[in-house]
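Which chain is which? The protein sequence lines are A and B, in order.
Numbered by this note's numbering, the letters in the first sequence go through residues 135 to 463 in order.
Numbered by this note's numbering, the letters in the second sequence go through residues 107 to 427 in order.
The structure appears below as structure tokens.
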Amino acid sequence: MTMMTKLLGAAAGLALSAGAALAEPALIFDLGGKFDKSFNEAAFTGAQRWAEETGGSFREIELQSEAQREQALRRFAENGNNPIVMAGFAFGNVLSEVAPDYPDTKFAIIDMVVDAPNVRSVVFNEHEGSYLVGMMAAMASESGTVGFIGGMDIPLIRKFACGYVQGVKAVNPDATVIQNMTGTTPAAWNDPVKGSELTQAQISQGADVVYAAAGGTGVGVLQTAADEGILSIGVDSNQNYLHPGQVLTSMMKRVDNAVYDAMEAGTDLETGINVMGIANGGVGYALDEYNEDLVTADMRAAVDAAAEQIAAGDLTVHDYMSDNTCPVE
Amino acid sequence: MDYLTILQVLDSTVRLATPLLLACLAGLFSERAGIFDIGLEGKMLAAAFFSAAVAYLTGSVWNGLLAGIAASLALSAVHGLASITFRGNQLISGVAINFLAAGMTVLIAQDWFSQGGRTPSLMGGARFEPITLPGAEAMAGVPLIGPLYHDLISGHSILVYVAFLMVPLTWFVLFQTRFGLRLRAVGENPAAVDTAGVSVIGMRFAAVAICGVLCGIAGAYLATGLQAGFVKDMTAGRGYIALAALIFAKWRPWYALSACLLFGLLQAVALRYQNIDLGAFVIPVQVMDALPYILTVVILAGFVGKAIPPRAGGAPYVKER
């Protein structure tokens, strides 16, 4: 009897999970965690919006360690989830191994290019968005010194830094930009104490606007900037509300749109490289009731003009990842 | 590098060394009594969360501090129960505490605040504000000593001063009192202590409890002094660096102070100057980050002095039957 119940239960469970998983999209967050108020949270917001608008549901997993990447990916693929969206460059290697094994499943990876027939690679022109906030930083700065605090030292974060510096120099060629990276391991995305210390160090070197591209570490940067009475710039999600009136703006990277689009397309997901830049609303700066007093009319005019030029192709911002160098320091 | 820059780096050193120092002294008490404690990290993390959560809910940072100490004490009790009462492996118990704290804090935070495993930002009375020591403003104008007093010694939160006062206090308790003598004896030769009619179990539990209190203060300092709230995994390995500092300090309080200040200085310098250009070659920032561990290995290997742990460390005490 008990054996029978167990068997029946198992069969029912299988049937249920198979039914529920039918072509449901899946989303995998990176190590920063789903609610990092930044990159991963933006991905979650996009998926959430898709679920609300279509009434669909999606599977999700928050990774705890590097070793889980392949496991999570294969689990979802075996489970029949389609498409599977990955938030983070770090999935690149794993996906190029896994994708050929599941030719009927569509994958979307954000921030990385994986060359496979069933993968959509979404890359953002972060250097363009960073250029815009760099211009604003230079215009808001009184000391002529601004700061940049990155998370883990990887080419992607250097791309943010390089765009930012170019924006700063475009407004004020004599400005000094102090650049710091939090660390070289994934722990650098979640160390607000170090973020605070870096901010203090930059303030003592004269910085009065700091731009944090550092995931959870950025929370410490924004907090210290607010405590010390200088301006900060958020990243990925709109972080203006964290410290109203003290966050100059946020460099918006519309990861939410990328996730939304991928889920919306469902199994018909178009593969190949998808570049999200200023031209198609992939990146931009945030303006809302929390920072409207900080952003002057001059700033808006200058930044919007630059945005138009970039969108039209009249102004090119150097992409660090194209040759791993930055023309300005 | 001018005088003011040196002061700023030292100021940063003090802030970074404080949690290390508290955790290191916590480990000192525990290990001197023969209980190895890998779980410093987990206790700090749990204390960081509960101090931030309770400070937010009650609006008082002092309640937060008490809650942090209570959380850390609870984990200490688990460690004590597993490794003293039930004579389990101390290292495994410590590792378990680290995992427990890492998962539990995020889970409870998500349940209470629904902000994805973090607490809301603390405001006003829910944080430890920097305190200005008497005369700091008046002294600021005096050359050399003025900035030193105003920028470096004054202007930290109260827990920093508590941490530094703990060093002479620890020295006094361990080396000048009967309690300290017994505590050290329990770590060297528990059978002798037992023969003298003193409870080994009681002494070890007392040591583990002191360890819990100090870890609690360290965690509360991270979440409510340095930061304004809890973020998952915010201890970022500081418990392990504290353990390294403890070995580096050869289980002595004053050496612990200098080891923690040295490790803090290394971090502060690494944060201030990403890559140090020495003209002939450049020291990359990774070297500075790895230096605490390298130094510890050098000490352990016996190249510079010798680190001898308490003799009965790691071994549960079994009374002769």
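Glycine included, each C-beta is placed from N, C-alpha and C at the ideal position.
These numbers were taken from a predicted model, which means no experiment stands behind them.
Residue i: CB within 7 Å of a non-hydrogen atom of the ligand SAM
i, result
"Asp217(B)", "This structure lacks the ligand SAM, and indeed carries no ligand of any kind."
Residue i at chain A interface by Cβ criterion, 8 Å
i, result
"Val337(B)", "yes"
"Asp217(B)", "no"
"Ser260(B)", "no"
"Ser227(B)", "yes"
"Phe142(B)", "no"
Of the residues the options, the one placed nearest residue i, counting alpha carbons only
i, options, result
"Tyr399(B)", "Cys366(B), Ile389(B) and Ser227(B)", "Cys366(B)"
"Ala420(A)", "Ala211(A), Arg434(A), Gly285(A) and Leu165(A)", "Arg434(A)"
"Thr124(B)", "Ala348(B), Ala313(B), Leu151(B) and Ala386(B)", "Ala348(B)"
"Val257(A)", "Thr401(A), Asp390(A) and Gln443(A)", "Asp390(A)"
"Ser371(A)", "Thr179(A), Glu158(A) and Pro159(A)", "Thr179(A)"
"Thr351(A)", "Ala157(A), Glu158(A), Gly166(A) and Ile162(A)", "Gly166(A)"
"Thr238(B)", "Leu258(B), Gly230(B), Pro249(B) and Gly222(B)", "Leu258(B)"
"Thr111(B)", "Val375(B), Val279(B), Ile141(B) and Ala326(B)", "Val375(B)"
"Val381(A)", "Gly189(A), Ser275(A) and Gly317(A)", "Ser275(A)"
"Thr405(A)", "Ile412(A), Asp395(A), Leu449(A) and Asn306(A)", "Asp395(A)"
"Gln392(B)", "Gly317(A), Val429(A) and Leu332(A)", "Gly317(A)"
"Thr341(B)", "Glu204(A), Lys328(A) and Gly363(A)", "Lys328(A)"
"Arg344(B)", "Leu113(B), Ala132(B) and Ile190(B)", "Ala132(B)"
"Val266(B)", "Gly165(B), Gly335(B) and Gly325(B)", "Gly325(B)"
"Leu449(A)", "Glu231(A), Ser172(A), Tyr265(A) and Glu187(A)", "Tyr265(A)"
"Ala207(B)", "Ala152(B), Ala244(B), Phe234(B) and Leu187(B)", "Ala152(B)"
"Gly340(A)", "Gly174(B), Met272(B) and Arg378(B)", "Arg378(B)"
"Ala295(A)", "Ala224(A), Gly447(A) and Asn314(A)", "Asn314(A)"
Neighbour list for residue i in chain B, Cβ cutoff strictly below 9 Å
i, result
"Lys328(A)", "Leu122, Ala342, Gln373 and Leu377"
"Lys168(A)", "Gly222 and Gly223"
"Asn324(A)", "Val337, Lys338, Asp339, Met340 and Ala342"
Endpoints, alpha helix (DSSP H) assigned at residue i
i, result
"Ser366(A)", "It is not in any alpha helix (DSSP H) - Ser366(A) instead sits in the beta strand (DSSP E) that spans Leu365 to Asp370."
"Met386(A)", "Taken as a continuous stretch (DSSP letters only), Met386(A) belongs to no alpha helix (DSSP H), being part of the beta strand (DSSP E) at Val381 to Lys387."
"Ile353(B)", "Arg344 to Phe354"
"Met428(B)", "No statement about residue 428(B) is possible, as the shown extent of chain B runs from 107 to 427 and does not include it."
"Glu243(B)", "Ala242 to Met245"
"Ser264(A)", "Glu260 to Ala274"
"Ala139(B)", "Ala139(B) -> no alpha helix (DSSP H), and no H or E assigned at all."
Chain A residues whose Cβ lies nearer than 8 Å to that of residue i
i, result
"Gly325(B)", "Neighbours of Gly325(B) on chain A: none; closest Cβ ~12 Å, over 8 Å."
"Gln392(B)", "Thr318"
"Ser118(B)", "Glu331, Gln334 and Ala335"
"Ser136(B)", "Under the 8 Å cutoff, chain A gives no residues; its nearest Cβ is about 24 Å from Ser136(B)."
Chain-ordered neighbours of residue i on chain B, where CB pairs are closer than 7 Å
i, result
"Gly354(A)", "Gln333"
"Gly285(A)", "By Cβ distance, chain B contributes nothing, its closest Cβ being about 12 Å from Gly285(A), past 7 Å."
"Gly400(A)", "Within 7 Å Cβ-Cβ: nothing; Gly400(A) doesn't reach chain B, min ~27 Å."
"Gly350(A)", "Val337"
Interface partners of residue i on chain A, CB under 7 Å
i, result
"Met328(B)", "This sequence places Leu at residue 328(B); Met is not what is there. Result: Val327."
"Asp300(B)", "By Cβ distance, chain A contributes nothing, its closest Cβ being about 43 Å from Asp300(B), past 7 Å."
First through last residue of the beta strand (DSSP E) which encompasses residue i
i, result
"Lys328(A)", "Looking at the DSSP string, Lys328(A) is not in any beta strand (DSSP E); the run it does join, the alpha helix (DSSP H), is Pro326 to Ser338."
"Gly222(B)", "No beta strand (DSSP E) holds Gly222(B); DSSP gives it neither H nor E."
"Ile175(B)", "Where Ile175(B) is concerned, there is no enclosing beta strand (DSSP E), although the alpha helix (DSSP H) it sits in stretches over Val167 to Gly186."
"Ile162(A)", "Ala160 to Phe163"
"Thr310(A)", "Thr310 to Gly317"
"Arg193(A)", "Arg193 to Glu196"
"Gly80(A)", "Nothing about residue 80(A) can be reported from this structure: the residues present for chain A run from 135 to 463 only."
Chain B within 8 Å of residue i, Cβ atoms only
i, result
"Ala335(A)", "yes"
"Ala155(A)", "In this predicted model, Ala155(A) has a pLDDT of only 43, less than 50, meaning its place in the structure is not dependable enough to derive any value."
"Gln357(A)", "yes"
"Ala321(A)", "yes"
Contacts of residue i in chain A (Cβ-Cβ under 9 Å)
i, result
"Gln114(B)", "Gln334, Ala335, Ser338 and Gln339"
is_contact[residue i, chain D] using C-beta, thresh 8 Å
i, result
"Asp395(B)", "The question asks about chain D, but that chain is absent: this structure's protein chains are A and B."
If contact means a Cβ-Cβ distance below 7 Å, which residues of the stretch 153-187 of chain B contact chain A? none
Relative to chain B, which residues along the stretch 367-386 of chain A have a C-beta separation below 9 Å, given in chain order? Leu376 and His377
Could you name the residues of the stretch 302-317 of chain B whose beta carbon sits closer than 7 Å to any beta carbon of chain A, in the order they occur along the chain? none
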